[in-house]
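Undergrad: Just passing along the structure, written as structure tokens.
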Amino acid sequence: MGLLTRSSPHTKQNQSTSSIMRWVILLCIPGLIAQTYFFGWGNLHNVLLCSITAVLSEAAILALRKRRIGFYLSDYSALLTGVLLGIALPPLAPWWISVIAASFSIIFVKQLYGGLGYNPFNPAMAGYALVLISFPLAMTSNWASPTTLQENFPSVQQTLASIWEIENAPDGYSGATPLDVYKHEVKASTYEAITSQDIFGSGIVLGWEWVNVAFLLGGLGLLALRIIPWQTPAGVLLGLALPAILFSSNPDQAVPLSIHLLAGATMFGAFFIATDPVSSSTTPRGRFIFGLGVGLFTYIIRTWGSYPDAIAFAVLLMNFAAPLIDVYTQPRTFGHNKAKRGPKAKV
Amino acid sequence: MAKLRIAHNNSRTLHDFHGGIHPEENKTQSTQLDIQKASLPSTLIVPLQQHVGKSAKVLVNAGDRVLKGQLIADADGVISACVHAPSSGVVREISDQAIAHPSGLSAPCVVIDTDGEDQWCELEAHEDYLNLEREKVLKCIRRAGVAGMGGAGFPSEVKLHPANQKKLKTLVINGVECEPYITSDDMLMRTYADEMLRGIEIMARLLEPQHIVLAIEDNKAEAYTAIQEALAEHQGHTSASQYTIELAVIPTKYPSGGEKQLIYILTGEEVPSGGIPADIGVVCQNVATARAVYRAVRYGEPLISRITTLTGDQFKKSCNVESLIGTPMSHLLQEFQFQDSRDARLIIGGPMMGYTIEQLDTPVVKTTNCILAPSAKELPFEDQAQACIRCGLCTEACPAELLPQQLYWFSRSAEYEKAEQHNLFDCIECGACAYVCPSSIPLVQHYRHAKGEIKAKRLDTDKSEKARIRFEARQERLEREAQEKEAKRKARAEAAAKLQAEKKAAAANAESVDPKKAAIEAALARKNASKAETVSAQVSVEELQGNLDKAQSKLDKMIDALEDAKANAPDNVAKLQRAVEKNQLRVNQAKQALEKAQTVSAPTPQAVPEVSLETLQSNVDKAQAKLDKMIDTLEDAKANAPENVEKFQRAVDKNKARVEQAKQALNDAQAASSENKPEPKTETVPVEVLEANLEKAQAKLDKMIDTLEDAKANAPENIEKFQRAVDKNKVRVKAAQDALAQAKSQEVEN
Amino acid sequence: MSIAVTAIIVLLSLAVVFGAILGFAAIRFRVEGNPVVDQIDDLLPQTQCGQCGHPGCRPYAEAISNGEDINKCPPGGEATIQALADLLDVEPLPLDAEHGEEKAKQVAVIREDECIGCTKCIQACPVDAILGAAKHMHTVIASECTGCDLCIEPCPVDCIDMVEVDNGIAGWHWSAPQSSIITTDKGAA
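Laid out in structure tokens, this is it:
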């Protein structure tokens, strides 16, 4: 009888890369629901379109690379990239924006570097940055106004017509985001004046705060499942909040903390984007530093940059720094007096 | 089944180590039955090396009858353990057998056919074992071959020497058994708690630690109770017991039974990287080892059996068995109803760190704590590895606080230096990283491979360093010898030159030769230079000629040797005959090559005659020398071995003919070349040759004299022979000197 | 005119000063020996086999430092070539087949009952790894043998064999995982 031989361990935990990806996708759903509730069907449509594009692009490249398509597609990483992109893109962005962003993400940012695990940059954010730089108008003017401000909830047909550019969207359907508005008016106006505008609602930012809360909930779920490390989101939120507290004590002068945290893609970025394990730092301490950097850059770009939101750029910038952070944040090994850090650490 | 957990009521503060995992325990299956006794197998296969360190030296031979407990292999060196016959019987053979090792390779084993009598040899029991001297106790443990029964099987006695002066702080007794499935220590503590405690007492007496801590995981409630009962009883009736054994219950977590992890849990101190527990004043021993120590000291019983867990769904009934060391696993499998299947695995050890074996008759050894035969459903084969997404779950699980994924990337891309920098060698291969890896990457195997490669490389480097040192030492020595020789030669040459100068002064005192001589010498130098050039052009022919000469001389030597052998050592004749034939072949080949080359290079003018002339000259010399030797030998033979005379005579004749031939050829060539060449050349060539000859002869003579002196000192029986050789050489030197002088004077006249 | 003179004087004096500094530095910070040769020598396998055409590893190291090709060392094989290429920052070349092929590690073993005790191999061994005396059987100290082959040729009775080193279990170590998808990929599954 021939016995089979293997190296230990002979048992493993019931968690796979596919299941991790599946969980991330599933926990996007609360945020997606909030987005749909407040901003219409656009995001849902984008998620669908980006996902299909991403999966098809991945399959095509795998076929070209002569890899086993089924095996690699079943890790759901392409699908996740598509979903994240769909959530991040403006709800009413024309269809080709979604297609370009998703295919660029998968083909150039992921597969050309060798596929899952080898990409130095966050694919979804690289795709997002590409379309943001290439088509600034389409990317800034297609944010939907909160649906509660409109006469009636826009129908599926209306959304589709707008995205597929069949006919012009009805007036008042799209508008600037609160971050954008605040940023442009803060120098000339007062906090009261700005927040009395409709899109800020009665609370902080109409609609957006609930979207962020929903993503926060999903993120907490990821934390509870130990799918993402706590260091990264904690770093992001701290990196954003600290300068916001420092510089925004007077809401007449700068965007206040509450809006920083609850407007834009803050929670989505902190829990779903910055935590992409492949392109972020890998050491526990490094992850916190990585998050801190993302938060800090987000604040800087939001405040002094020309783009209204900044998660994508902040994440990409920190992606550059991740390998270096790793080198300098090696943990101390059991039985060693101190950690070996830096490029010149000798054995 | 409900799990029993003991309440943590330690007096000791426990420390939690980083990482760790909580795999399914799967321990209850094998604790339902008491410890079973395995039947006596018909064959026992006892490996000589069952532990880290050196293999034991075998003391028995095939066919010997051995008794149960008899020493069959002795420890070799400090880190080595004695091996005993587990039952009485006859040694069938000592041969390589498959052993329990992940490589599936074989190693030397003593194979014993048991006789079924199970007859013990005489054992040295010690009733009063607590009052034995320390040395005696240690000797008992060593003679009994007790080795760590938990993990690597480190010879226990070594760890029981209070080796360094540092006071030992803590003796840790490891009853944690954190690996899933394994219950052999658990069952041992339940069944033999008393013996184990007595073993601990013996070890405590040897080590005199400040604290003795017996650590046990909180999932072993029954063992805990058993120990407490035994402790109460023990402390009740043993008057000598001045040691307090602290029972520490630690939370169940893998790998808290790892030596370094356990010490950290109990003391909060880390064993330094690359160090041993003794460095921080701790010694760690396994509970089964403690019992073995007791049996060894109290009853003189060697370690010839152990408790092994048989578990996994492929066993009809999981249980623990007490089986003899050397029992083939196939015997146990059969007895305890192992169900074979197509995808069956046998894991030695637990699912986390155990290894699979390929052959069923692999023997049980001192470290075999578990034989796990899982079904594919129970422990599924790992999925195909997906890409590493750097999720960091491994980092969180690693008890050594390493960065497993970094190590993985470095190991995979063979960047071993970086892997070492990331402390690859602090990895304890516990498997926690691979257990949590969502991409099912066989991380541990990557590390093991990398470690192996690095170790092999280190060995290589060490070896090449050693070779370099030896090479350099040899070079130095050769140089020194050459220098010494040169110095000696110079001294002699000076003496000779002085002698000659005196002679010359007497012979040609009238003429003032100096200016002319200088001119001649200049011409000579020029000539030499030009010759060197032409010669170098002729390299290949010369080389071939050299080859041929070499081959020829080797052949000649061979033939000589053969003849010698025929005379003196008939048993070598055949060997030499073969060698001669081989060499003959080589000579022929060389000849052919030379001829070819010569025909090719023949058109080159001038150089050919010159070269051949010299060569011929040397041929003549060589032939002459050989002839001389032959004649010597012949004379020898005449004196000592009359039966060979005829043979030698023939050889001498042959050589004479050869010399004649060579001389003839030389003359021809000389004649031809004198026609070809302008005058001065014909004159100078002989002088040069003669000078060279003189030098050569002188050197040879020197050597001879050396040898002679040597011989005088060491080998008086050879003196005569050497003396003769020296004389002959002296004559030759003289002849050469004369010839040279003659030539020179001729030159002067010209 | 005077400007030109000044310029010349200034430049000259500068040249003198810097020349002096350089000269001083050359003496003060002189490097003893040739460190590159040592580094190269460290990378060579020290078999002293002479297959590269040099009488030992160090001479070859010296030759390399003088520009000789790095691919003439069969015992070191690709690994050594790669290491040398890294050290010297040159392109790794494939092993020059003229000097031999990369072989598994070997040691010389004398068939002792055939040895006639001629000491020829002892003289040939570059690392003194052969033990014996005239007319007595010789033997190879396996742990010191570099497997250089140099003792094979001089043996008059051809009683030396080169055998591959097999350390058995002690020499075994885990191979890299094969089941990994990355490796199965190579064959375009």
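Chains as they are written, first to last, in this note's numbering: chain A, 21 to 367; chain B, 227 to 976; chain C, 18 to 206. We put the beta carbon where it would ideally sit given N, CA and C, even for glycine.
Can you name the start and end residues of the alpha helix (DSSP H) that B/E679 belongs to?
TA: Indexing the second sequence from 1 puts residue 679 of chain B at position 453. Where B/E679 is concerned, the enclosing alpha helix (DSSP H) stretches over L669 to A733.
Undergrad: Are the segment 393 to 405 of chain B and the segment 511 to 518 of chain B touching by the rule of at least three beta carbon pairs closer than 8 angstroms?
TA: yes
Undergrad: In chain C, which residues lie with their C-beta within 7 angstroms of the C-beta of B/R571?
TA: The residue labelled residue 571 of chain B in the question sits at position 345 within the second sequence. Under a criterion of Cβ atoms nearer than 7 angstroms, no residue of chain C is adjacent to B/R571; the nearest Cβ is some 14 angstroms distant.
Undergrad: Would you kindly check if the distance between the Cβ of B/L619 and the Cβ of B/V591 is under 7 angstroms?
TA: Numbered from its first residue, the second sequence carries residue 591 of chain B at position 365. Numbered from its first residue, the second sequence carries residue 619 of chain B at position 393. Inclusion of B/V591 and B/L619 in the CB contact set at 7 angstroms is not warranted, their separation being larger than that value.
Undergrad: By Cβ distance, which residues of its chain are closer than 8 angstroms to B/L916, with the 5 residues on each side in sequence left out?
TA: What you label residue 916 of chain B is simply residue 690 of the second sequence in a count that begins at 1. Answer for B/L916: A962, A965, L966 and A969, listed in chain order.
Undergrad: Helix, strand or coil: which one does DSSP assign to C/N184?
TA: Stepping through the third sequence from its first residue, residue 184 of chain C is reached at position 167. Three-state result, C/N184: coil.
Undergrad: Taking 7 angstroms as the CB-CB cut-off, is B/P435 touching chain A?
TA: For this step, residue 435 of chain B is matched to residue 209 along the second sequence. Taking Cβ atoms only, chain A never reaches closer than 7 angstroms to B/P435, which makes this a no.
Undergrad: If B/T621 and A/P304 are in contact, beta carbons under 8 angstroms, what's the gap, nearest whole angstrom?
TA: Against the second sequence, residue 621 of chain B aligns to sequence position 395. Against the first sequence, residue 304 of chain A aligns to sequence position 284. The C-beta distance from B/T621 to A/P304 rounds to 7 angstroms, short enough to meet the 8 angstroms contact threshold.
Undergrad: Which partner residues does B/F564 have in the DSSP bridge list?
TA: Within the second sequence, numbered from 1, the residue matching residue 564 of chain B stands at position 338. According to DSSP, B/F564 bridges with B/F541.
Undergrad: One question on the structure: do B/D686 and B/E604 come within less than 7 angstroms of each other, judged by their Cβ atoms?
TA: Taking the second sequence and counting its residues from 1, the one referred to as residue 686 of chain B is at position 460. Taking the second sequence and counting its residues from 1, the one referred to as residue 604 of chain B is at position 378. For B/D686 and B/E604, no; Cβs fall outside 7 angstroms.
Undergrad: Any idea which residues DSSP pairs B/H437 with across the strands?
TA: Start at 1 with the first residue of the second sequence, and residue 437 of chain B comes out as number 211. Looking at the DSSP assignment, B/H437 forms a beta bridge with B/T396.
Undergrad: How many angstroms separate the CA atom of B/F607 from the CA atom of C/H190?
TA: Counted from its first residue, the second sequence places residue 607 of chain B at position 381. Counted from its first residue, the third sequence places residue 190 of chain C at position 173. Whole-angstrom Cα-Cα distance: 22 angstroms.
Undergrad: Within a Cβ cutoff of 6 angstroms, which residues of the same chain sit near B/Q255, ignoring the five residues on either side of it in sequence?
TA: Against the second sequence, residue 255 of chain B aligns to sequence position 29. Around B/Q255: T537 and S544.
Undergrad: Between B/V363 and the rest of its own chain, which residues show a CB-CB distance below 8 angstroms, the 5 nearest in sequence each way excluded?
TA: To locate residue 363 of chain B, count along the second sequence from 1; it is residue 137. Y355, I428, R431, L432 and V523.
Undergrad: My guess is that B/Q276 and B/G377 are in contact by the Cβ rule of under 8 angstroms, so how many angstroms apart are they, rounded?
TA: Counting from 1 along the second sequence, the entry for residue 276 of chain B is found at position 50. Counting from 1 along the second sequence, the entry for residue 377 of chain B is found at position 151. Actually they do not touch by this definition, with Cβ atoms about 12 angstroms apart.
Undergrad: The alpha helix (DSSP H) with B/V372 in it runs from where to where?
TA: By 1-based counting over the second sequence, the position of residue 372 of chain B is 146. According to the DSSP assignment, B/V372 belongs to no alpha helix (DSSP H), since it is labelled neither H nor E.
Undergrad: Three or more C-beta pairs closer than 8 angstroms, one from the segment 641 to 648 of chain B and one from the segment 329 to 338 of chain A: is that the case here?
TA: Taking 8 angstroms as the limit for Cβ pairs, the verdict is that the segment 329 to 338 of chain A does not touch the segment 641 to 648 of chain B.
Undergrad: Among the candidates A/D346, A/H280, A/G102 and A/L105, whose CA atom is the shortest distance from the CA of A/F317?
TA: As a working mapping, residue 317 of chain A is identified with position 297 in the first sequence. Selection A/D346, A/H280, A/G102 and A/L105 evaluated against A/F317 yields A/H280 as nearest (Cα-Cα).
Undergrad: Can you list, in chain order, the residues of its chain with a C-beta nearer than 6 angstroms to that of B/K446? Leave out the 5 residues immediately preceding and following it.
TA: Reading the second sequence from its first residue, position 220 is the one you call residue 446 of chain B. The answer, listed in chain order, is D412.
Undergrad: Would you decide whether C/H71 is buried or exposed? Buried here means 16 or more other CB atoms lie within 10 Å of its CB.
TA: In the third sequence, residue 71 of chain C corresponds to position 54, counting from 1. So C/H71 counts as buried.
Undergrad: Between the segment 776 to 789 of chain B and chain C, which residues of the former have a C-beta closer than 8 angstroms to a C-beta of the latter?
TA: K780, K783, M784 and A787
Undergrad: How many Å lie between A/L236 and A/F59 at the Cα?
TA: Along the first sequence, read from residue 1 onward, the residue named residue 236 of chain A stands at position 216. Along the first sequence, read from residue 1 onward, the residue named residue 59 of chain A stands at position 39. Looking at the two C-alpha atoms, the distance is approximately 18 angstroms.
Undergrad: Which residue from A/W250, A/K360 and A/I126 puts its Cα closest to that of A/A80?
TA: As a working mapping, residue 80 of chain A is identified with position 60 in the first sequence. That would be A/I126, whose Cα lies nearest to the Cα of A/A80.
Undergrad: List the residues of chain A that B/V662 touches, going by C-beta distances under 7 angstroms, in chain order.
TA: By one-based count along the second sequence, residue 662 of chain B stands at place 436. Neighbours of B/V662 on chain A, chain order: Q33.
Undergrad: Please check if any C-beta of chain B sits within less than 7 angstroms of the C-beta of A/I40.
TA: Locating residue 40 of chain A in the first sequence gives position 20, counting from the first residue. Interface residue, yes.
Undergrad: Just verifying my parser: in three-state terms, what is the DSSP assignment at B/R424?
TA: Working through the second sequence from its first residue, we reach residue 424 of chain B at position 198. Helix.
Undergrad: To the nearest angstrom, how far is it from the Cα of A/Y96 to the Cα of A/F124?
TA: For the purposes of this step, residue 96 of chain A is taken as the residue at position 76 of the first sequence. For the purposes of this step, residue 124 of chain A is taken as the residue at position 104 of the first sequence. Approximately 17 angstroms between the Cα atoms of the pair.
Undergrad: Taking the CB atoms as reference points, tell me whether B/I574 and B/A326 lie closer together than 7 angstroms.
TA: Counted from its first residue, the second sequence places residue 574 of chain B at position 348. Counted from its first residue, the second sequence places residue 326 of chain B at position 100. Yes, the pair counts as a contact, with Cβ atoms nearer than the cut-off.
Undergrad: Can you check whether the C-beta of B/Q764 is within less than 7 angstroms of a C-beta belonging to chain A?
TA: Here residue 764 of chain B is taken as the residue at index 538 of the second sequence, counted from 1. Legend: pLDDT at B/Q764 = 49, less than 50; position of this residue unreliable, no value from coordinates given.
Undergrad: Less than 8 angstroms between the CB atoms is what I'm expecting for A/Q273 and A/V201, so what's the real figure, rounded?
TA: In the first sequence, the residue the question calls residue 273 of chain A occupies position 253. In the first sequence, the residue the question calls residue 201 of chain A occupies position 181. 16 angstroms between Cβ atoms; not a contact.
Undergrad: Considering just the uninterrupted stretch of the beta strand (DSSP E) at B/E472, what are its terminal residues?
TA: Along the second sequence, one-based indexing puts residue 472 of chain B at 246. That run of the beta strand (DSSP E) goes I471 to I476.
Undergrad: Quick one: using the 10 Å Cβ neighbour count with 16 as the cut-off for buried, is C/G185 buried or exposed?
TA: Locating residue 185 of chain C in the third sequence gives position 168, where the first residue counts as 1. So C/G185 counts as exposed.
Undergrad: Tell me, which residues are paired with B/M784 by DSSP?
TA: Here the question's residue 784 of chain B lines up with position 558 in the second sequence. DSSP output for B/M784 lists no bridge partner at all.
Undergrad: Ignoring anything shorter than 3 residues or poking outside the segment 483 to 559 of chain B, list the beta strand (DSSP E) runs there in chain order.
TA: As far as the segment 483 to 559 of chain B is concerned, its whole beta strand (DSSP E) runs of at least 3 residues are 508 to 512, 531 to 537 and 545 to 550.
Undergrad: Between the C-alpha atoms of A/D296 and B/G484, what's the straight-line distance to the nearest angstrom?
TA: For the purposes of this step, residue 296 of chain A is taken as the residue at position 276 of the first sequence. For the purposes of this step, residue 484 of chain B is taken as the residue at position 258 of the second sequence. Inter-residue distance for A/D296 and B/G484 is about 33 angstroms (C-alpha atoms, whole angstroms).
Undergrad: Do the segment 246 to 266 of chain A and the segment 307 to 316 of chain A make contact, defined as three or more Cβ pairs closer than 8 angstroms?
TA: yes
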